[in-house]
Ligand code: 6PG
């Protein structure tokens, strides 16, 4: 097969790279993959479906020389310096017109920098967010390409055929200018953080609070996944509750240490939202909770000090007959509010960072393949079809109905958690966001007065244009 011309090359045959490239091959494209590790190239070739054309090589030169022109080369290595290193190694081997794709979870300004570096050299560089984990990569991910339009046109046939499909439509489309692809993927991950934290808080209410067993939780989440809450994250949560540990007789979830890891995309979402002046408190809280979770030893000491005996009345807050239904509706509402915040962030980024993100495309490609896929996305898609420019989905009449019909349940479970002392920060922040966003007059008139009092920062008036300053305390 030495003279074979390949359609698509992959640098990095780790879990994601290997599976994505096998997916490319399954769709009739000739796929060649590079990894320095011969074990990985062999594994890749061995896992190929019968009848597909694949090849694994251990030098970049071998890969580049066997690709048809313009070459389509995807990099799937850990984000950061490894991506720069691969680009530098590719540069002497590629030609003008070739396409380099970064499919990792890259910080968006790195993508902009690389685009600006490669454009004068005639190389089309494009950042593509890829979601769906191992299984998504293999059988249909959601993909978020942005930036170079020439690159997108060349990639479109391959990416459309390997993407997950919903209603026959591929879960890949153009996300906008510059680093929009990686930016949209980052916000996707921020929403992912928020939904995961919300599910954990509802688990805490139902398990530690109301005493539901893992078997009961398994049945409940399975049932929830048949209704409005239908989504990938609810589905896998249901499965997790039924998984037994293979080292003990316990359920595996009970044996897992409560310290959460992270790779940074949630934190970036919060940091950038702060810089842009956009409120995403549910995502912020999800990041914060992972940070607090890491303080295991301190938390154990603090628990002894602050609650030497577990609050006797703890369970009384969760005896309400409607608790389970309130959890379902409250979780549903808080999940909607997570998407609302993430989409509002994308709306602002689209303008402020000059990315021109088609928001309908973002929710469209999230309907299948990705970690945050859920039936809700269809409602958001419809909302953006009606008004693509809406700054906030809470301004859409159908979405506002969904929230108004269920917000009472979110109040109930947030209040019960507050009274019982169950940490439910993401549920509470979702509620706080909703209440603040839907309050016509916030008490921040007083805050403006305070700022003007001590710092002459001025304020605006409700009845006249302009900036005003008062000598406070003086008649
Ligand atoms: C996806 C996931 C994927 C990865 C997260 C995990 O869309 O497929 O988001 O990109 O699982 O980056 O992030 P943390 O390790 O930070 O939880």
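Numbering (this note's numbering), first residue to last: 576 to 1050.
A virtual CB, placed ideally from N, CA and C, is assigned to each residue, including glycine.
Exposed or buried, what is residue i when buried is set at 16 or more other beta-carbons lying within 10 Å of its beta-carbon?
i	result
residue 856	buried
residue 941	buried
residue 720	buried
residue 650	buried
residue 979	exposed
residue 830	exposed
residue 728	exposed
residue 1041	exposed
residue 1030	exposed
residue 1020	exposed
residue 733	buried
residue 644	exposed
residue 1033	exposed
residue 767	buried
residue 936	buried
residue 799	buried
residue 1048	exposed
residue 973	exposed
residue 696	exposed
residue 929	exposed
residue 910	buried
residue 774	buried
residue 1017	exposed
residue 579	exposed
residue 984	buried
residue 933	buried
residue 764	buried
residue 742	exposed
residue 1035	exposed
residue 1044	exposed
residue 1039	exposed
residue 716	buried
residue 906	buried
residue 1015	exposed
residue 624	exposed
residue 685	buried
residue 1051	Any question about residue 1051 goes unanswered here, given that the chain covers just 576 to 1050.
residue 641	buried
residue 894	exposed
residue 587	buried
residue 576	With a pLDDT of only 46 at residue 576, under 50, the local geometry of the prediction cannot be trusted, and the value read off the model is given with reservation. By the 10 Å Cβ count, residue 576 comes out exposed.
residue 725	exposed
On the DSSP bridge list, what partners appear for residue i?
i	result
residue 848	None; residue 848 has no bridge partner.
residue 954	Paired residue(s): none; residue 954 is not in a bridge.
residue 582	Note: residue 582 sits in no beta bridge, so no partner.
residue 677	650 and 702
residue 826	819
residue 1043	1034
residue 632	609
residue 642	581
residue 718	705 and 747
residue 806	949
Note to self: Measuring CB atoms only, is the region 650-663 touching the region 587-605, in the sense that at least three cross pairs come out at less than 8 Å?
What the structure shows: Cβ pair count under 8 Å is three or more, so yes.
Item checked: Stretch-stretch touch, CB-based, cutoff 8 Å, three pairs: the region 812-824 with the region 912-929 -> Counting C-beta pairs closer than 8 Å gives fewer than three between the region 812-824 and the region 912-929, which falls short of the contact rule.
Note to self: Quick check for students: name the residue ranges of the alpha helix (DSSP H) that lie wholly in the region 722-791, counting only runs of 4 or more.
What the structure shows: Complete alpha helix (DSSP H) runs here, min 4: 724-737 and 755-779.
Next item on the list: Check whether the region 863-874 touches the region 943-955, counting contact only when three or more Cβ pairs, one atom from each stretch, lie closer than 8 Å.
Entry: Three or more Cβ pairs closer than 8 Å define a contact, and the region 863-874 falls short of that threshold against the region 943-955.
Notebook entry, point to check: Fully enclosed by the region 593-617, which beta strand (DSSP E) runs are 3 residues long or longer?
Noted result: DSSP runs (the beta strand (DSSP E)) wholly in the region 593-617: 606-609.
Next item on the list: Mind listing, in chain order, the continuous alpha helix (DSSP H) runs of no fewer than 4 residues lying wholly within the region 913-977?
Entry: Complete alpha helix (DSSP H) runs here, min 4: 934-940 and 951-961.
Checklist line | Sufficient close CB pairs (3 or more, under 8 Å) joining the region 612-625 to the region 663-672 | finding: Touching, no, given that fewer than three Cβ pairs across the two stretches are closer than 8 Å.
Notebook entry, point to check: How do the region 975-992 and the region 834-851 stand: do at least 3 beta-carbon pairs fall below 8 Å, yes or no?
Noted result: Flag = no, the region 975-992 and the region 834-851 do not touch.
Next item on the list: Decide yes or no for the touch test of the region 748-758 against the region 895-907: beta carbon pairs closer than 8 Å, at least 3 of them.
Entry: Counting Cβ pairs under 8 Å, fewer than three are found: no touch.
Next item on the list: Examine the Cβ distances between the region 990-1000 and the region 908-922 and report whether three or more of them are shorter than 8 Å.
Entry: Result no; under three Cβ-Cβ pairs closer than 8 Å.
Item checked: Given 8 Å, three or more beta-carbon pairs between the region 790-799 and the region 875-882 -> Short answer: they don't touch.
Item checked: Length-filtered (4 minimum) alpha helix (DSSP H) runs lying within the region 848-892 -> The region 848-892 contains these whole alpha helix (DSSP H) runs: 856-868 and 871-881.
Notebook entry, point to check: Do three or more CB pairs link the region 832-844 to the region 802-812 at distances below 8 Å?
Noted result: Result no; under three Cβ-Cβ pairs closer than 8 Å.
Note to self: What ranges does the alpha helix (DSSP H) occupy inside the region 981-1016, keeping only unbroken runs of at least 4 residues that lie completely in it?
What the structure shows: Taken in chain order, the complete alpha helix (DSSP H) segments of 4 or more residues contained in the region 981-1016 are 1000-1012.
Notebook entry, point to check: Are three or more beta carbon pairs between the region 627-647 and the region 600-608 nearer than 8 Å?
Noted result: Flag = yes, the region 627-647 and the region 600-608 touch.
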